[in-house]
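Protein chains in written order, with this note's numbering: chain A, 4 to 343; chain B, 4 to 343; chain C, 4 to 343; chain D, 4 to 343.
Protein chains: 4
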Amino acid sequence: MTIDFGSDNWSAATPAVEAALSRVNTGYAPSYGEDELTARVSRLFCDVFEREVAVLFVATGTAANLLCLQATARPSGFVLCSDQAHLYNDEFNGPEFFTGMRLVPVATTAGRMRAAALHETLGTLPPAGDRGPLATLSITNATEYGTAYTASEIAELAAVGASLGAAVHVDGARFANAVAATGDSPADLTWRAGVDLLSFGGTKNGCWAAEAIVVLDPAAYPDLSHLRQRAGHGISKQRFIAAQFEAYLTDDAWLTTATHANAMAARLAAALTADGAVRLEWAPTTNEVFPIMPTTTATRLRAAGARFHSWRVRGDEEMVRLVTSFATTDEDVDEFLALL
Amino acid sequence: MTIDFGSDNWSAATPAVEAALSRVNTGYAPSYGEDELTARVSRLFCDVFEREVAVLFVATGTAANLLCLQATARPSGFVLCSDQAHLYNDEFNGPEFFTGMRLVPVATTAGRMRAAALHETLGTLPPAGDRGPLATLSITNATEYGTAYTASEIAELAAVGASLGAAVHVDGARFANAVAATGDSPADLTWRAGVDLLSFGGTKNGCWAAEAIVVLDPAAYPDLSHLRQRAGHGISKQRFIAAQFEAYLTDDAWLTTATHANAMAARLAAALTADGAVRLEWAPTTNEVFPIMPTTTATRLRAAGARFHSWRVRGDEEMVRLVTSFATTDEDVDEFLALL
Amino acid sequence: MTIDFGSDNWSAATPAVEAALSRVNTGYAPSYGEDELTARVSRLFCDVFEREVAVLFVATGTAANLLCLQATARPSGFVLCSDQAHLYNDEFNGPEFFTGMRLVPVATTAGRMRAAALHETLGTLPPAGDRGPLATLSITNATEYGTAYTASEIAELAAVGASLGAAVHVDGARFANAVAATGDSPADLTWRAGVDLLSFGGTKNGCWAAEAIVVLDPAAYPDLSHLRQRAGHGISKQRFIAAQFEAYLTDDAWLTTATHANAMAARLAAALTADGAVRLEWAPTTNEVFPIMPTTTATRLRAAGARFHSWRVRGDEEMVRLVTSFATTDEDVDEFLALL
Amino acid sequence: MTIDFGSDNWSAATPAVEAALSRVNTGYAPSYGEDELTARVSRLFCDVFEREVAVLFVATGTAANLLCLQATARPSGFVLCSDQAHLYNDEFNGPEFFTGMRLVPVATTAGRMRAAALHETLGTLPPAGDRGPLATLSITNATEYGTAYTASEIAELAAVGASLGAAVHVDGARFANAVAATGDSPADLTWRAGVDLLSFGGTKNGCWAAEAIVVLDPAAYPDLSHLRQRAGHGISKQRFIAAQFEAYLTDDAWLTTATHANAMAARLAAALTADGAVRLEWAPTTNEVFPIMPTTTATRLRAAGARFHSWRVRGDEEMVRLVTSFATTDEDVDEFLALL
């Protein structure tokens, strides 16, 4: 038996996404986004974000991040991002290769940067005359640590970025979880808060490969389409990405699955800490829980078939990461708790 | 009514590919290629190529090409490729961005480079001491012009490349069509002929997004996996690429669909030229036909609902491109001929 | 004995330049262009160009070219340049590495592009929707072939570039020779003709290493200083570059040396063709002569100690390149003619 | 009156260097390093390093560093360097642009990294499977903080680098000061200690623009010459760089000037701390002194005409940097002390 909290990208796709893929698997459609479905789904994004946005589909979240950073790159520039950011830790120095810029990690609390930490980090850079500009502020929402920024928190950070001349990017690989957790609207979490570019993820929340760059002020980044094609990130049979997003966005399916994943994590967190065998350094609001438990316990759980990542070992304790998704069931949670 | 010869990437996916995608759409699997299906399908590639090969899945043919070129890049280096090559004409200068090298186009006959043309092109470069090395020879097989190289033709070109110290890459976006057309084996068309790296395409021949970099001598290119991740071309739910390839390669499905596409093109070519209203500058052996017809005829066909690309207009004549695929039916051909 | 027509960069520096270098070789001066001499010499450039310009000193002409191209780069972009351009033939694919763009060579007559050739070359590119933008038009003046463009010729080419949205760059490694040959002013040959960026050379005309990027509209390229520093092209003891340029520009010394070099070439060309043993395909107006002579003659001249580059061998004839400089004397010319 | 401790690159060139430049300022010489003087001076380097080395001249120390890093670059790779390294703090993110790699700063004590700190820093990276390789270890010797590594200290660090598969680079912008301070030979400080590539500086120690990349195992980096040309760092009239180095290396002139500069710094340090008005956190052994003094004192010194950089202000104290050079005189030191 396997209980799987390995990652939300270990899940499959939702039945709705699978059905949508089957539905468009017929006939012919112009390639590289010239198809009708792409046009229709782009309108859905405009509805979700309550304004005209430009949307560029890609197959991976790293692609979305790299292209957003590249679009904002400036010579000798810097990117401020969280020290837990996916693009800092998990993208194999793609940001440096694509932009020639330096990433400057900002200390986080429960995965979140605070305005004070931004200022503190900026203070460690050489004075402005002796270096290039701060080109980009990148914020991950939901964070890599199972937490989310509210719209007003995003706005506070974005204001710092803007005051320094930086473009503001949000890595929203788990954007749905942030919307579901905060109750703030996509518009409030992005352009109304001062965000310029969003990596909008579908893959971790029930698509099988569907990511979008959402350009919140389309006129500001006219070269993104060329950047995408140049990097080999234009998908020829793009209707298959569009179809996933159609299923994803229709009837708020994306929020339903994200709400479910968040709820599963909350239930897990509550139960885990109920009897004190396990503790949490912070409470999750999205779909990741980081319990600290005796290493012997973690080892026993793995031996019993539970799958999850180890995050940190300190002394005879281990912090592990449990990720829920649309596919997580109450039974999964119960079985895991029973094992524990 | 629409008769569609627009492109083989305007087609959908085969039922077998769709079924395979549905089959793996369940449960959990480790991401980024750590899943069992990826391992199993990699073995299939070794069987197809009759040797140990390394396989890296990506979502686009351009990605495969760019990463192969990047793996072979050398400072101040040059890439020789056909003047009709996709990577020369249709990849938005991605090769220059990814490699810093210059592409040098070689004149072609019916889409094919000949050894003499390679030598002639080399003669136009500055002498070896005044420039960087020839790093890469890239050959498209099947070509962009509906023709294919035999194994011995590939070997002849590869020998020129090797004699100059160049790595040899084959852009096989339509590799299946080349195998089907020549009857030569994948091994004979690649490593036995001196090819180092292959972009192996599935998308144009019945997958919806499945491309692979086949490293024919795995020890020679150890950095490819990092190159792929760095460029955002690692797919998190990679089993969905692997599943497509499993359906594609099992029971020679890929050769069945390619053989069908080639046959449809041959039938089209034969019928088109039968009554002399249309002529061909070269006979297709794979799945693209380039008839030359009066512009009035082309215009009339489009108005009647036929879709295809215009390639060249000269005087009152137009060369158009008709692409067949696994999805092309005898009825499509008949209807087109009837329209004509 | 050696008669040296190898290249104008085989010459030494003028006594005035040497004296200026000695004069500043004392005391201390702030580094990286913060010194007073740099400020003063920048004013000289404004005088020469009859407007406010920004000036960035570098040590090589290739550096100037690369940084100008980089400043004008656009994703998936193209650079149009002469098929004889130094940056196309002699810069080791630095333009591709620095910009990620493709260089498109334009056919030349006696080293000069014509507007018709620009249009013809543009016609060979894919249609605008299928490729990136034309980012840059680069014109070499004086050309690599001993000829120069007049201000009106530059304006005609620049107008074509501008109509396509391209920035206009002039590689002026031999700009002095062009000014001397045409009698047109630096302003007329650049910004009044629509030029945006100029690589202004001193090295080939009597400095030992002094090149400048002249930004004709300083507000348009604010990142150039960062581009220069990032590429390691900022000179710490920059006063030594500034000193060369002070000597170079004062009292029109640069035009005096260029006029002399041009005159020596003219004298050489006239004498060479006087008795018909040698012929010229075009008449030089600057400081390079390309006589065509029997190979036996060229071989004999070399054996007798004359140094020059071979340009083209065809049948039993050889086109050679003879380059004059400020250092060429009447005696050098006479001795060469006597040898001949 | 000015007392100048601003930087060793605010100095002029030594009379010997000036004389050498004048001496070669005659006649003609092949360009781009094909001249006899370059060949002769390359032999001098072999003598200094007691083995066959390859030498590539460039005009700036940043160029030397960038090209060395680029020669050692690997996809997704990392560079370990001191958190005070010039290439980390003062090269405008050129390393990121040239290599696509990430720089990881290592904590220092008095400007020096220790093996323990290397290991500690490595421990902060993701595990080896989740990231690219450690490509390069870069060590600055003499350091940016007026200290130097001995040969055995270099060997200890290099051994850590080598054990991780990294190439070892030394930024020797002040290499002469390190040799003079430690008494260790150039060979012992480099290849015998496991160093692969050296940026060998002349500019800060009495040249006006002369830097060299010393390839300690020439066969290992065959592409460096192309890297240099491609980046515009090949100097056409290279004899003028070679001439500086000939004067620099002949009769150990470079060690004489460095010994002098070091001695001036030692004298300054000793006198500064004699009466307790000023303190040092570490004792200099090369040519930079970092006294901590009341801000009022620093302000008063500047007002009196002393030039130096401010390094750190904390409370009402200021750490300043005083740099000596070949040009510093006993009188300069005395006057500064008198002012104080």
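All C-beta atoms in this analysis are idealised placements derived from N, C-alpha and C, irrespective of residue type, glycine included.
Within the continuous alpha helix (DSSP H) that includes Pro18(C), where are the two ends?
Pro18(C) -> alpha helix (DSSP H) spans 18-26.
Have a look at the DSSP bridge pairing and note the partners of Val296(B).
Note that residue 296(B) is Met in the sequence shown, not Val. Looking at the DSSP assignment, Met296(B) forms a beta bridge with Glu321(B).
How long is the line joining the alpha carbons of Arg282(C) and Arg324(C), rounded to whole angstroms?
The alpha-carbon atoms of Arg282(C) and Arg324(C) are separated by roughly 13 Å.
If we call anything under 9 Å between Cβ atoms a contact, is Ala190(C) one with Ala145(C)?
No. Outside cutoff.
Count the other C-beta atoms from every protein chain shown that fall within 10 angstroms of the C-beta of Trp211(D), then say buried if there are 16 or more, exposed otherwise.
It is buried - the Cβ of Trp211(D) has at least 16 other Cβ atoms within 10 Å.
When we look at the beta-carbon of Val316(C) and count the other beta-carbons within 10 Å, is it buried (16 or more) or exposed?
With fewer than 16 other Cβ atoms within 10 Å, it is exposed.
Can a CB atom of chain D be found closer than 9 Å to the CB of Glu417(A)?
In the structure displayed, chain A extends from 4 to 343; residue 417(A) sits before or after that span and is not available.
Can you list, in chain order, the stretches of the alpha helix (DSSP H) that have 4 or more residues and sit fully within the segment 58-112 of chain A?
Runs found: 64-74, 89-92, 97-102.
So, is Ser166(C) buried or exposed, given that buried needs 16 or more other C-beta atoms within 10 angstroms?
Classification of Ser166(C): exposed, given that the 10 Å Cβ count is below 16.
Using a C-beta cutoff of 9 Å, does Phe81(C) count as contacting chain B?
By this cut-off, Phe81(C) is an interface position.
Step through the CB atoms of chain C and report whether any lies within less than 9 Å of the CB of Val58(D).
It does not; no Cβ of chain C falls within 9 Å.
Could you name the residues that DSSP lists as bridge partners for His312(D)?
DSSP lists Arg324(D) as partners of His312(D).
Less than 7 Å between C-beta atoms, sequence neighbours within five positions excluded: which residues of the same chain meet that for Val27(C)?
Hits under 7 Å: Leu40, Arg242, Phe243, Ala246.
Suppose the cutoff is 7 Å on Cβ atoms and the five residues either side in sequence are ignored; what does the same chain contact list for Thr345(C) look like?
The requested residue 345(C) is not part of the displayed model; chain C covers only 4 to 343.
If the criterion is Cβ atoms closer than 9 Å, does the pair Pro136(A) and Phe81(A) meet it?
For Pro136(A) and Phe81(A), yes; Cβs fall inside 9 Å.
Under 9 Å, Cβ to Cβ, is there at least one residue of chain D near Leu69(B)?
Not closer than 9 Å to any Cβ of chain D, the Cβ of Leu69(B) fails to qualify, so no.
With 9 Å as the threshold, decide whether the Cβ of Gly103(A) is near any Cβ in chain D.
True, the Cβ-Cβ gap to chain D drops below 9 Å.
Assign Ala222(C) to one of three DSSP states: helix, strand, or coil.
Three-state DSSP puts Ala222(C) in a helix.
Measuring CB atoms only, is the segment 148-159 of chain C touching the segment 52-68 of chain C, in the sense that at least three cross pairs come out at less than 8 Å?
Judged by Cβ distances under 8 Å, the segment 148-159 of chain C makes no contact with the segment 52-68 of chain C, as fewer than three pairs qualify.
Give the straight-line distance between the Cα atoms of Tyr35(C) and Ala169(A), rounded to the nearest whole angstrom.
Going by the C-alpha atoms only, they are around 27 Å apart.
Does DSSP classify Leu271(D) as helix, strand or coil?
Residue state, collapsed to three classes: helix.
Roughly how many angstroms separate the alpha carbons of Ala273(B) and Lys240(A), rounded to a whole number?
Cα to Cα, the separation comes out at about 30 Å.
Of all the options Leu121(B), Phe101(B), Met104(B), which has the alpha carbon lying nearest to the alpha carbon of Ala110(B)?
Taking only the C-alpha atoms, the option nearest Ala110(B) is Leu121(B).
Would you grab the beta carbon distance between Thr327(C) and Phe60(C) for me? Rounded to a whole angstrom, and I think it's under 8 Å.
With a Cβ gap of about 26 Å, Thr327(C) and Phe60(C) do not count as contacting.
Going along the chain, which residues of its own chain have a beta-carbon closer than 6 Å to the beta-carbon of Ala250(C), five neighbours each way excluded?
These residues qualify, in order along the chain: Ala19, Val20, Ala23.
Using 8 Å for Cβ pairs, my map puts Val217(C) next to Val58(C). What's the rounded Cβ distance?
That pair is a contact at about 6 Å.
In whole angstroms, give me the CA-to-CA distance for Asp93(C) and Ser188(A).
Rounded to the nearest angstrom, the two C-alpha atoms are 56 Å apart.
How about Asp226(C): is its C-beta nearer than 9 Å to some C-beta of chain A?
So yes, Asp226(C) belongs to the interface.
Please name the residue or residues paired with Asp174(D) in a DSSP beta bridge.
Per DSSP, Thr143(D), Ser202(D).
Taking Cβ-Cβ distances shorter than 7 Å, what residues in chain D pair up with Arg317(A)?
Those do not exist, as Arg317(A) stays about 13 Å from chain D at its closest Cβ, beyond 7 Å.
For the alpha helix (DSSP H) containing Leu125(C), name the first residue and the last one.
Its alpha helix (DSSP H) spans residues 118-125.
Check whether chain C comes within 9 Å of His229(A), counting only Cβ atoms and requiring the distance to be less than that.
Taking Cβ atoms only, chain C reaches closer than 9 Å to His229(A), which makes this a yes.
Candidates Thr331(C), His236(C), Gly205(C), Ala158(C): which alpha carbon is nearest Val171(C)'s?
Of the listed residues, the one whose Cα sits closest to Val171(C) is Ala158(C).
By the 10 Å Cβ neighbour count, where 16 or more other Cβ atoms means buried, how is Ser45(B) classified, buried or exposed?
Looking at its Cβ environment, which holds 16 or more other Cβ atoms inside 10 Å, Ser45(B) is buried.
Does Leu137(B) come out as helix, strand or coil in the three-state DSSP assignment?
The answer is strand: DSSP assigns Leu137(B) an E or B state.
Hey, out of Ala16(C), Ala15(C), Asp11(C), Leu47(C), whose CA is closest to Leu252(C)'s CA?
Looking at the Cα atoms, Leu47(C) is the closest of the given residues.
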